[in-house]
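Notes follow once the structure below has been shown.
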Amino acid sequence: MTQNVAPAQNISFPFAQAAPSARGYWSRAWGRLLRNRLAVVAITVIALLAAVALLAPLIAPHDPTTQDVLNARQSPSLSHLGGTDNLGRDVMSRLIYGARVSLSVGVLAQAVVLGIGLPLGLIAGFRGGWADTAIMRFTDLVYAFPDLLFIILLRAVLGGNVVTLFLIIGFVTWVDMARLVRGQTLSLREREYVTAARAMGATDREIMTRHLLPNLTGPLVVLLALGVPRAIFIEAALSFIGFGVDPRTPSWGSMIQEGQTGIVGGNLHLVIFPAAAIALLTLAFTFFGDGLRDALDPNVDDNPRPSLDAETPRRGRDAGTPQEMPKAA
Amino acid sequence: MAAYIVRRFLWLALTLLFISLATFVLMHSVKGGPWDTDRAVPPQQVENLNHKYGLDQPLWRQYTTFLTNALQGDLGLSFQRQDKPVTSIILDGFKVSAVLGLLAYTLAAVVGVTLGVYAALHRNHLPDYGSTLVATLGAAVPAFVLGIFLKSLFAVELGWFATFGWDTHGGLVPGWLPRLDQLVLPVITLAALPAAYFARMTRASLLDVLRQDYMRTARAKGLGPRAVMLRHGLRNAAIPVLTLAGPILAALVTGSFIVEQLFEVPGIGRAFVSSVSDRDYGMIMGTTLFYAFVIVLANLVIDISYAYVDPRVRYR
Amino acid sequence: MEIRNLAPVKWFVVFLAAFGLLLAACAGDSTPAAEPGGSSMAPPDQQVLRLRIQGEPKTIDPQLSNQAEEVTLTRSLFDGLFTYDEKLDVVPDLAVEMPTIANGGISEDGLTYTVKINPDAMWSDGKPVTAQDFVYSMKRALDPEMAGTYASFFYSLTGAAAYNSAMGTPDEPLTPSEAELASLREGVGVNAKDDHTVVYKLTQPNPSFLNQLALWTAFPVRQDIVEKFGDKWTEAETLVGNGPFVLSQWTHGEKLVLQPNPYWFGEKPALSRIEFNVIADDVAAYQAYKADEIDVVTVPPAAIEEVSQTGSPFSDQLTIAPELATFALFMNNNVAPFDNVMVRQAFGTAIDRDGYVNGVLAGSGVPTTSWIPPGMPGYNAEIGSQYKFDAAKAKQLLADAGYADGKGLPKITFTMVNNDTNRLVGQFVQDQLKQNLGVDVGFDYVELKEYFRTFATGQHQIVIQRWGADWPYPDNWLPDLFTTGTPNNFDGYSNSSFDALMLQAAAETDNAKRLALYDQAHKLMIDEAAIVPLYNPVTYVLVRPDVMNYVITGVDGYVKGDLNFDKVYISGSSN
């Protein structure tokens, strides 16, 4: 759907620039990341959420599937911190277990995105010509494809479990990764070290894996980080229209969907908790992604010269490629 | 340039062809057909219905008939809207979705760009943090959640706005705009995410431009800060923003079915979802092609205008 | 500040006046609901009834309507020979009187029905309704090229089945010529004896024939209008109907507006406008009602508690309307393990209907173990009482069937439509069966059409399905569904004694004897657990207090109360 913003930004790469200090690229990047307070907070939040997901059976106050239909839709209380849902299940426990589904769908979808987008983008950018045109037109097709039909069909064939979900989301969102990789590869392949490697007899494959890939890592990782909340949004949207995970599995998206029917009785807690969880995760990954980009962007000046004009701002923590708009929003 | 445009249009046609074929195949692969209902349908009933809508023809013939008709602008009949031509249903729905989308887009652009410029000019001070926070929040809440809350609070509890409908009959502009109280909430809900998007993008782009050498040159030449900003700053900052504008507009205008569902707006998004679940083959083919056409065309237009705007871009 | 300056007497008078006004307003509110002409009427511009329908009606052509919201609209725009009263008895509408053998309306052999039409009946363009209109519409209903879905309901007419089946079936299609179709059409047993008398000829006696004539499919339409405007004849500008209202506006996807038919032969409706707003989501509709944007709404389960508790501002607007429908466990009698009677019985006893209805559905149902719903002739609360919830008994039954503790059972999967309510129901039932029977069942949530394909062709294993009355008599609930080999016999139940009883009942002319036969068959089928009923759905309806004479019946279409919009009026007392 939306094209990646990459076209105008040509991030130049370290080997083509004299390094102002003796430390390595990666350790400098890491240092920059850690100095970014917002990113550090974001990383902590993500780590916490991951911990919650992993330790769910230990942390959850109740069993997330135990029903108590005659006590449905109770407001938050001491025994049920998040209240109970339409079937009398404990909201807080479902929230905690839901972290598992949402996080795994989000992260695993990126694995699919990487698995399809990276090779296609590499080939398109590196080989150019015929292969490039073919792959680019293919991505046009995928963009314009009727996702809903495809999702229904896949779901009918594979079922409504977590695996299907992240496969579906991955299939639908890999295009931006491919475009990004292609763009970067296009500019990278003109670098001197690639010409040098070729002159030394390196095969295409060796060039792609040994020289291009490491330099792609930066923007790649950023896109992946921003892709996690996007995937979760899509999962939530799919759940909302009924094409999400099967109901027995608590996921934040399906909690919102079930909860919104309960909102009429004033049961706001049914929606607020999962929505807040999604928002928290989104914010965390967004700030993490932003921080990553700033950390990895070698255009950032660690030793700014004194400016001629006090008004001219120096670049720092300002670049902000917004996350993609989910197609189905 | 001209050759490029022609080639892209050819590709557009091919894309549409491929998509129509893929949709046709997919459509007939999912289980359940348009006549299935909770009672057994007598076989002669099925035959009568199939005969009425041309479904008794072999599949390949149905497809070719569809194609030939489509080329003449006739996308067939809808089964579920008894015999109304698909084209007119799509156009009716598109009119609504397009208006909603355009309004949301305008709101998002105005609010977003303003916020972005404001934040960029007051970088690293409170206004910047405030605007960025608002923008990021706008992107952190899914549209339907925002919609649910807006509706519950402002429409149901406070009663300031309508909870449903898009009545252009007695609206602000008869036939085009509905009543004001029906407009506000869906437009805001739909505009939230793009606005956040625009804000962040504008801010980043403007900051990037502001530190460019040519800005300092302009100042050194003696131009006032205002002129510098307007003449060089904003114009150059607009480029990446414009890149985004196209796809966003395309997406908005083809209808967000979730917002349409929430606020009962009779747009094309909602029509498409219900046509899939009704197995309304005519509508499915028609709407899919329509969507594909709009999206591919929008991308094409953006790519072409990009070439005009940014002289650095070269085309093979 | 100023109050201090007022003399105490003045202050007292003001207080009295305010109190008096308050009393008057409250007194206005307590007028009971259904008092005809009792309370004052609101002025004509306020006589507007705002209703909700769930989706855009696909069609409001009487011979093609089959969805509930279409039925609602068709009933207000057209009138047929017969209709229903509140007790669900068939009564004359356009017919002058009920045809009986005594008055010659029905022939001795039960094969000929002669119905006289009220000469005052008019179309909305001023032309009189004639017998030819009824003949035309009946033939149109049976026309294979129309492909109307209720055609088979009129197969008892001579020549009807032959005409409607003229195109053959998908497996053996036929291509009749124009002449052949015309002659088949001629052969259908409905004729106009004169301008105001219609004669129907049946192939065999059918005691429910008048019930079937009360269906909207038999409503008349104007041949000249239909032929002139083709498919577009139902648009607001061209529709001509004979009902109490006419269609004044149809904004597709958005709303329909009805206004009184100036030529209607009955008493002029008090309402000046009825609006049907399309609101797809139940929750959204309820919110619209709360925001005073619509006047009648069915309450979604999540809000039932809020609405029905004492002290709720809506509790006096609430009507609890039973539906003539039953939800039951349909277990495929030909698929393991449900080919074993005891397994079916075990499953039927293992679900806590109270928890289901009062918990999951928040009270929008009444548990039942018998198939035919209350409010209909043939209802018998005793039947099926052996299936009352009893976990221990259920476990025992399962063990007796050879599957103690659920061991040895093949995989069991429920198929359900993927929607909000069903997802909740599914989770509940899964839990119940696990707890009460020790069986792990799977749930397949599929799309609507896929579900219909699976269920209606008998390919399911086990589902929870609703059956609603087409007309209020047991012959709509038993023969079609449980006779060996009939199309609607979804579970594949087969019992020759049952079949024999059905044949007997069809031929029986004495009503009491007929009902007794149906009762016997009903008991037989339930004892063998062909299906096991769960509950009768009940709708919670909110009606705004100033809407009067709103009468809800069991045969209402989508909008409750749609049989009698012509009698509704808005009272003048403000609330």
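Residue numbers (the working numbering), protein chains in the order written: chain G, 410 to 738; chain S, 1046 to 1361; chain Z, 12 to 586. Glycine residues also receive a C-beta, built at the ideal position from the N, C-alpha and C atoms.
For secondary structure counted as the alpha helix (DSSP H) over 4 or more consecutive residues, the region 378 to 462 of chain Z holds these complete runs in sequence order: 402 to 411 and 431 to 448. One thing to note: Val562 (chain Z) has its Cβ no nearer than 8 Å to the Cβ of Pro333 (chain Z). Residues of chain G with a Cβ closer than 8 Å to the Cβ of Ser1197 (chain S) are, in chain order, Ile672 and Leu677. When DSSP states are grouped into helix, strand and coil, Ser488 (chain G) belongs to the coil group.
For Lys279 (chain Z), no alpha helix (DSSP H) run applies, since DSSP gives it neither H nor E.
Taken atom to atom, the span from the alpha-carbon of Lys150 (chain Z) to that of Asn499 (chain Z) is near 25 Å. Beta-bridge partners of Met342 (chain Z) (DSSP): Z:Ile473. Among the CB atoms of chain S, one or more fall inside 8 Å of the CB of Gln298 (chain Z). Where Trp1080 (chain S) is concerned, there is no enclosing beta strand (DSSP E), because DSSP gives it neither an H nor an E.
Here the C-alpha atom of Arg588 (chain G) lies approximately 27 Å from the C-alpha atom of Thr1332 (chain S).
Here DSSP, grouped into helix, strand and coil, assigns Ile650 (chain G) to coil.
For Val566 (chain Z), same chain residues with a beta-carbon under 8 Å away, outside a window of 5 residues either side, are Tyr95, Leu99, Leu335, Ala480, Trp482, Pro483 and Leu574 in chain order.
If you draw a 10 Å sphere on the C-beta of Ser488 (chain G), you find fewer than 16 other C-beta atoms in it, and that means exposed.
Excluding five sequence positions before and after Ser484 (chain G), the CB atoms of its chain that fall closer than 8 Å to its own CB belong to Gly492, Asn676 and His678, given in chain order.
The Cβ of Arg657 (chain G) sits closer than 8 Å to at least one Cβ of chain Z.
With its beta carbon less than 8 Å from one in chain S, Thr695 (chain G) belongs to the interface. DSSP, read as helix, strand or coil, puts Ser1065 (chain S) in helix. With contacts defined by Cβ atoms closer than 8 Å, Pro231 (chain Z) and Asp144 (chain Z) form a contacting pair. Against Asn1095 (chain S), the close residues of chain Z are Pro181, in the order they occur along the chain (beta-carbon pairs closer than 8 Å). Rounded to the nearest whole angstrom, the C-alpha separation of Val102 (chain Z) and Phe93 (chain Z) is 6 Å. Ranking S:Ile1134, S:Arg1245 and S:Thr1213 by CA distance to the CA of Ser1176 (chain S) puts S:Arg1245 first. With at least 16 other beta carbons inside 10 angstroms of its own, Thr309 (chain Z) counts as buried. Judged by beta-carbon spacing, Ala518 (chain G) lies beyond the 8 Å limit of Gly497 (chain G), meaning their Cβ atoms are not closer than that value. Non-local beta-carbon contacts of Pro683 (chain G) in its own chain, meaning distances under 6 Å to residues more than five positions away in sequence, involve Trp661, Met664 and Ile665 in chain order. Cβ-Cβ separation between Thr1060 (chain S) and Val1339 (chain S): approximately 12 Å, too far for a contact (criterion under 8 Å). For Gln593 (chain G), not one C-beta of chain S is nearer than 8 Å to its own C-beta. By the rule that beta-carbons nearer than 8 Å mark a contact, Thr1208 (chain S) does not touch chain G.
Residue state for Ser219 (chain Z) is assigned as coil, using DSSP reduced to three classes.
For the set G:Ile616, G:Glu599 and G:Leu705, the Cα lying nearest the Cα of Ala606 (chain G) is the one of G:Ile616. Separation of Asp613 (chain G) and Gly700 (chain G) (C-alpha to C-alpha, rounded to the nearest whole angstrom) is 33 Å. Short of 8 Å from the beta carbon of Phe466 (chain Z), and not among the five residues preceding or following it, lie these beta carbons of its own chain, in chain order: Phe341, Thr426, Val474, Gln476 and Phe501. Under the three-pair Cβ rule at 8 Å, the region 173 to 188 of chain Z counts as touching the region 1078 to 1095 of chain S.
By the criterion of at least three beta-carbon pairs nearer than 8 Å, the region 258 to 278 of chain Z is not in contact with the region 1162 to 1174 of chain S. Under a 10 Å Cβ-count criterion, Leu1116 (chain S) is classified as exposed, with fewer than 16 other Cβ atoms of the shown protein chains found around its own Cβ. Inclusion of Ala361 (chain Z) and Gln438 (chain Z) in the CB contact set at 8 Å is not warranted, their separation being larger than that value.
Taking a Cβ-Cβ cut-off of 8 Å, the neighbours of Leu479 (chain G) in chain Z comprise Gly366, Asn369 and Gly370, given in sequence order.
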